[in-house]
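Chemist: In my numbering, the protein residues as written are 12 to 128. Below is one structure. I have some questions about it.
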């Protein structure tokens with residue numbers, strides 16, 4: 012009986028992540044990273060709206076990787092005069108989730124269904 016208990020305990024411990032998992036949901040990552048301080052879904056705020064980013068990069072190979080890198084490294088001159096400051100506090104996994112969420116937007120109202128408010 013005790014060997015079954017140890018086996019069950021081992022299986023449970025082995026399935027647990029070693030560190031806290033980043034938000035799996037892109038919208039949760041957007042909120043956690045405070046992206047809304049500069050970006051909105053449909054309107055220009057300080058930075059471009061998420062839907063405009065999705066439209067610009069729609070269907071481009073490597074777009075998610077590029078956007079995730081841009082989130083963490085920042086950039087300038089891509090969307091006007093205001094630079095995107097680097098966000099090194101955003102983990103690579105969070106940046107990837109945000110990039111995938113942005114690319115999932117199709118410019119329509121279904122963004123509401125994907126978590127945006």
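Glycine included, each C-beta is placed from N, C-alpha and C at the ideal position.
Could you work out which residue in 95, 89, 68, 82 is closest to residue 101 when comparing CA atoms only?
Modeler: Taking only the C-alpha atoms, the option nearest residue 101 is 82.
Chemist: Once you ignore the five residues that flank residue 65 on each side, which residues in its own chain have a CB closer than 6 Å to its CB?
Modeler: Closer than 6 Å at the Cβ level, and outside the excluded window around residue 65, lie 113, 114, 116.
Chemist: Thinking C-beta only, is residue 76 closer than 8 Å to residue 62?
Modeler: For residue 62 and residue 76, no; Cβs fall outside 8 Å.
Chemist: Going by other Cβ atoms of all chains shown within 10 Å of its Cβ, with 16 needed for buried, is residue 59 buried or exposed?
Modeler: Buried, because 16 or more other Cβ atoms sit within 10 Å of the Cβ of residue 59.
Chemist: In the DSSP assignment, find the alpha helix (DSSP H) that holds residue 41 and state where it starts and stops.
Modeler: Residues 37-43.
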